[in-house]
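Trainee: There's a structure below that I have some questions on.
Numbering (this note's numbering), first residue to last: 1 to 214.
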């Protein structure tokens, strides 16, 4: 992608850089917050938090060497893109959490959201990538490696990190709904977030296990 070819040094003053040490700091801060919530019993997510804390420890112990520093979107997925009539990406939206870091972080998160026809979906709404005409996630990764020339052998780490990050976000959303911070909402809606959290926690643990085998 063209965005990966932008020289970070040109814009480095405008975007905070995340290195391997920064990644470790992010994992540690999020793990600490989850531990506090679970320990206080504030959000009924203690079981999911235990799994996420174990995942965080595995991530912190396995941070791979960074392959370079590029612009990293932070939430790179198909529904944050605008497509042209020919299917090409003409714009990428929602840059509020962008940074500088390893480009595989975006590819890993893209793989989390990119649902294959026979694979699990991380969000309850239908994923267009499961329809005919879209490449499989493995084909997407192969194409990325071919075009970018980058080594994707450590991609499993960034996929696991992406699952972990998304599960942490949904845990926070569920905590707010279950704790009444969002006001009066139907029980079915709260239960829906809980089901999503449970499914994501399982996917996150599976991704962490897979990371250990690569």
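The beta-carbon is built from N, C-alpha and C at its ideal position, and this holds for glycine as well.
Which residues mark the beginning and the end of the alpha helix (DSSP H) in which residue 167 is found?
Mentor: As a working mapping, residue 167 is identified with position 167 in the chain shown. Element bounds for residue 167: 155-178.
Trainee: Please identify the residue among 61, 155, 129 and 124 whose C-alpha is closest to the C-alpha of residue 114.
Mentor: Taking the chain shown and counting its residues from 1, the one referred to as residue 114 is at position 114. Among 61, 155, 129 and 124, the Cα nearest to that of residue 114 belongs to 129.
Trainee: Below 8 Å on the Cβ atoms is my contact criterion, and I expect residue 55 with residue 164 to pass it. Report the Cβ-Cβ distance as a whole number of Å.
Mentor: The residue you call residue 55 lines up with position 55 of the chain shown. The residue you call residue 164 lines up with position 164 of the chain shown. That belief holds up - the Cβ atoms of residue 55 and residue 164 are roughly 5 Å apart, short of 8 Å.
Trainee: Report yes or no: do three or more beta-carbon pairs, one from the stretch 129-141 and one from the stretch 171-190, lie closer than 8 Å?
Mentor: no
Trainee: Using a Cβ-Cβ cut-off of 8 Å (strictly less than) and excluding sequence neighbours within five positions of residue 80, which residues of its own chain qualify?
Mentor: Counting from 1 along the chain shown, the entry for residue 80 is found at position 80. 73, 92, 93 and 94.
Trainee: My assumption, with CB atoms under 8 Å, is that residue 145 sits in contact with residue 111. Please give the rounded CB distance.
Mentor: As a position in the chain shown, residue 145 is number 145, starting the count at 1. As a position in the chain shown, residue 111 is number 111, starting the count at 1. Not confirmed; about 13 Å, so no contact.
Trainee: Please classify residue 77 as buried or exposed, where buried requires at least 16 neighbouring CB atoms within 10 angstroms.
Mentor: Sequence index remark: in the chain shown, residue 77 carries index 77 (1-based). Buried, since its Cβ has 16 or more Cβ neighbours within 10 Å.
Trainee: Under the assumption that residue 106 contacts residue 66 (Cβ atoms under 8 Å), give the Cβ distance between them as a whole number of angstroms.
Mentor: Here residue 106 corresponds to residue number 106 of the chain shown, with the count starting at 1. Here residue 66 corresponds to residue number 66 of the chain shown, with the count starting at 1. The pair is not a contact, with the Cβ atoms about 13 Å apart (cut-off 8 Å).
Trainee: With H, G and I counted as helix, E and B as strand and the rest as coil, what does DSSP make of residue 81?
Mentor: Here residue 81 refers to the residue found at position 81 when the chain shown is read from its first residue. Looking at residue 81 - three-state DSSP - the assignment turns out to be strand.
Trainee: Relative to the alpha-carbon of residue 75, which residue among 159, 175 and 140 has its alpha-carbon at the smallest distance?
Mentor: Position 75 of the chain shown, counted from the first residue, corresponds to residue 75. Considering only alpha carbons, the answer is 159.
Trainee: Pull up the distance between the alpha-carbon of residue 161 and that of residue 206, whole angstroms please.
Mentor: Position 161 of the chain shown, counted from the first residue, corresponds to residue 161. Position 206 of the chain shown, counted from the first residue, corresponds to residue 206. Answer to the nearest angstrom: the Cα atoms are 12 Å apart.
Trainee: Output yes or no for whether 8 Å exceeds the beta carbon distance between residue 155 and residue 108.
Mentor: Reading the chain shown from its first residue, position 155 is the one you call residue 155. Reading the chain shown from its first residue, position 108 is the one you call residue 108. For residue 155 and residue 108, yes; Cβs fall inside 8 Å.
Trainee: Should residue 170 be labelled buried (16 or more other beta-carbon atoms within 10 Å of its own) or exposed?
Mentor: What you label residue 170 is simply residue 170 of the chain shown in a count that begins at 1. With 16 or more Cβ atoms within 10 Å of its Cβ, residue 170 is classed as buried.
Trainee: Let me check one thing: in DSSP terms, what residues is residue 67 bridge-paired to?
Mentor: The sequence position of residue 67 within the chain shown is 67, counting from 1. The partner list for residue 67 (beta bridge, DSSP) is empty, contrary to what the question assumes.
Trainee: Who are residue 220's beta bridge partners in DSSP?
Mentor: Summary: the structure shown does not reach residue 220, with the chain confined to residues 1 through 214, and so no result is reported for it.
Trainee: Per DSSP, what are the beta-bridge partners of residue 99 in this structure?
Mentor: Counting from one through the chain shown, the residue named residue 99 turns up at place 99. Residue 99 pairs with 72.
Trainee: Looking at C-alpha atoms only, which residue of 167, 147, 86 and 210 is the closest neighbour of residue 198?
Mentor: In the chain shown, the residue the question calls residue 198 occupies position 198. Checked all of 167, 147, 86 and 210; the closest Cα to residue 198 is 167.
Trainee: For residue 58 and residue 85, what's the separation of their Cα atoms in angstroms?
Mentor: Locating residue 58 in the chain shown gives position 58, where the first residue counts as 1. Locating residue 85 in the chain shown gives position 85, where the first residue counts as 1. The straight-line gap from Cα to Cα measures roughly 43 Å.
Trainee: Who are the near neighbours of residue 204 in its chain, counting only those whose CB is closer than 6 Å to its CB and skipping five residues on each side?
Mentor: Position 204 of the chain shown, counted from the first residue, corresponds to residue 204. When the five nearest sequence neighbours on each side are left out, the beta carbons in the same chain lying within less than 6 Å of the beta carbon of residue 204 are those of 55, 163, 164 and 167, in order along the chain.
Trainee: Determine whether the beta carbon atoms of residue 71 and residue 100 lie at a separation below 8 Å.
Mentor: Here residue 71 corresponds to residue number 71 of the chain shown, with the count starting at 1. Here residue 100 corresponds to residue number 100 of the chain shown, with the count starting at 1. Yes, the pair counts as a contact, with Cβ atoms nearer than the cut-off.
Trainee: At the level of alpha carbons, what is the spacing between residue 179 and residue 139?
Mentor: Residue mapping note: residue 179 aligns to position 179 of the chain shown, counting from 1. Residue mapping note: residue 139 aligns to position 139 of the chain shown, counting from 1. Going from the Cα of residue 179 to the Cα of residue 139 covers about 42 Å.
Trainee: Using C-beta distances below 6 Å, list every residue in its chain close to residue 82, excluding the 5 sequence neighbours before and after it, in chain order.
Mentor: As a working mapping, residue 82 is identified with position 82 in the chain shown. The residues are 90 and 91.
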